[in-house]
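Working notes, beginning with the structure itself.
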Amino acid sequence: MHHAPETLPTTGQRALRAGLIGQGIQKSRTPAMHRAEGAAQGLALSYDLIDIDRMMPVPPLSQMLDTAEAQGFAGLNITYPFKKEVIGLLDELSENARKMGAVNTVVFRDGKRFGHNTDFWGFAEGLRRGLPGADLSEVLLLGAGGAGGAVAHALAGAGAGKILIADQNLRAAIALAKDIAAYGTRAEVVSDMAEAARRAKGIVNATPMGMAKLPGTAIDPALLNPDHWVCDIVYFPLETALLAAARMRGCRTLNGSGMAVFQAVRAFELFTGLAADPARMRATFESFTETPA
Ligand code: NAD
6 MHHAPETLPT
16 TGQRALRAGL
26 IGQGIQKSRT
36 PAMHRAEGAA
46 QGLALSYDLI
56 DIDRMMPVPP
66 LSQMLDTAEA
76 QGFAGLNITY
86 PFKKEVIGLL
96 DELSENARKM
106 GAVNTVVFRD
116 GKRFGHNTDF
126 WGFAEGLRRG
136 LPGADLSEVL
146 LLGAGGAGGA
156 VAHALAGAGA
166 GKILIADQNL
176 RAAIALAKDI
186 AAYGTRAEVV
196 SDMAEAARRA
206 KGIVNATPMG
216 MAKLPGTAID
226 PALLNPDHWV
236 CDIVYFPLET
246 ALLAAARMRG
256 CRTLNGSGMA
266 VFQAVRAFEL
276 FTGLAADPAR
286 MRATFESFTE
296 TPA
């Protein structure tokens, strides 16, 4: 019996459209992860970049959603600056999306729009697999922005005893601490980094410090000790100064690829109803060698 190669469109192949709405997304690896996973599973899956930097004038978000829905999209990923704004345009929210007040994945089904947050699960799954058994009794979180919020909620969901939150924007740190406390996890805003590092079992960087365009670290690496586990969610580059310093001191470390890969794994499952292969999606993620600034 003849079998057509899996990646070639064949008659009767299930077609599916998805995309990413956001700003400054031209170098995102998410489209490639979805396209390759779709092809490997025999889907004719297209994934469009809907980049507001490339639109003149920029249509309202509501119109971009209407258009995608009318064109039969299965769903959309949503990123900066729309993760909060999109909530007002949806019919239902998952529990995680509601807790976080942010949506990064929209599914169109039965004439309704469902909002999910797969960054939350992505971080948790990356941590569970990448640093199994990590002591979560007291965790120092650097950065209380959008990604820091996903990390904090994921840590809380993973059973963290207490989250110490540091941000140069004190209001952001206070708001996140309140938010986490509302869900029953102890949280504390910290500014004395030496004391916070002494108390913490693990440290997560969710500030942009360490990105190619923002070199440096949000914590003095001299404050790391070998008993700390250290996670950096920055992924351009994957090897940040913080992770390099942590490894030199003998710390267990985790880079930003897990969160990026697993948010896409869960989004693929939401778009298609099919289980994704995390190893295959990670291989696509890692096939990029360039380091966008
Ligand atoms: P954001 O701008 O919403 O938040 C960043 C926060 O960090 C701000 O509150 C800011 O005040 C704080 N901050 C900046 N420098 C600091 C410093 N030196 N000390 C203390 N606080 C500081 O950005 P975001 O959307 O939360 O993203 C943060 C970074 O996370 C991004 O730059 C990106 O590299 C990374 N990220 C990774 C993934 C992933 O999947 N791995 C996903 C999203 C974001």
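Note that my numbering gives residue 22 to position 17 of the sequence shown, counting from 1, and the numbers run on in steps of one.
Quick reminder that beta carbons are idealized off the backbone N, C-alpha and C, glycines included.
Fair warning: this is a prediction, and the values are worked out from it, not measured in the lab.
- Here H121 is bridged, per DSSP, to T110.
- For S51, the enclosing beta strand (DSSP E) begins and ends at 49-56.
- DSSP places T258 inside the beta strand (DSSP E), whose first and last residues are 257-259.
- The beta carbon of Y188 is closer than 8 Å to those of K104, H158, A161 in its chain, skipping five residues each way along the sequence.
- Boundaries of the beta strand (DSSP E) harbouring N210: 207-210, taken from the DSSP string.
- Two segments are said to touch when three or more pairs of C-beta atoms, one from each, lie closer than 8 Å; by this definition the segment 243-259 touches the segment 228-235.
- Selection K117, A217, R19, C236 evaluated against E97 yields K117 as nearest (Cα-Cα).
- Shown here for R19: same chain residues with a beta carbon closer than 6 Å to its own, the five before and five after excluded, namely L48 in chain order.
- As summarised for the segment 128-181, the continuous alpha helix (DSSP H) elements at least 4 residues long and confined to that stretch are 151-162, given in chain order.
- F290 is positioned such that its CB atom lies no closer than 9 Å to that of R134.
- By the C-beta criterion, the segment 107-121 is judged not to be in contact with the segment 135-149, since fewer than 3 inter-stretch pairs fall below 8 Å.
- Distance from the CA atom of L95 to the CA atom of T123, rounded to whole angstroms, is 16 Å.
- If you compare the alpha carbons of A202, I26, A41, A205 with that of S67, the shortest gap goes to I26.
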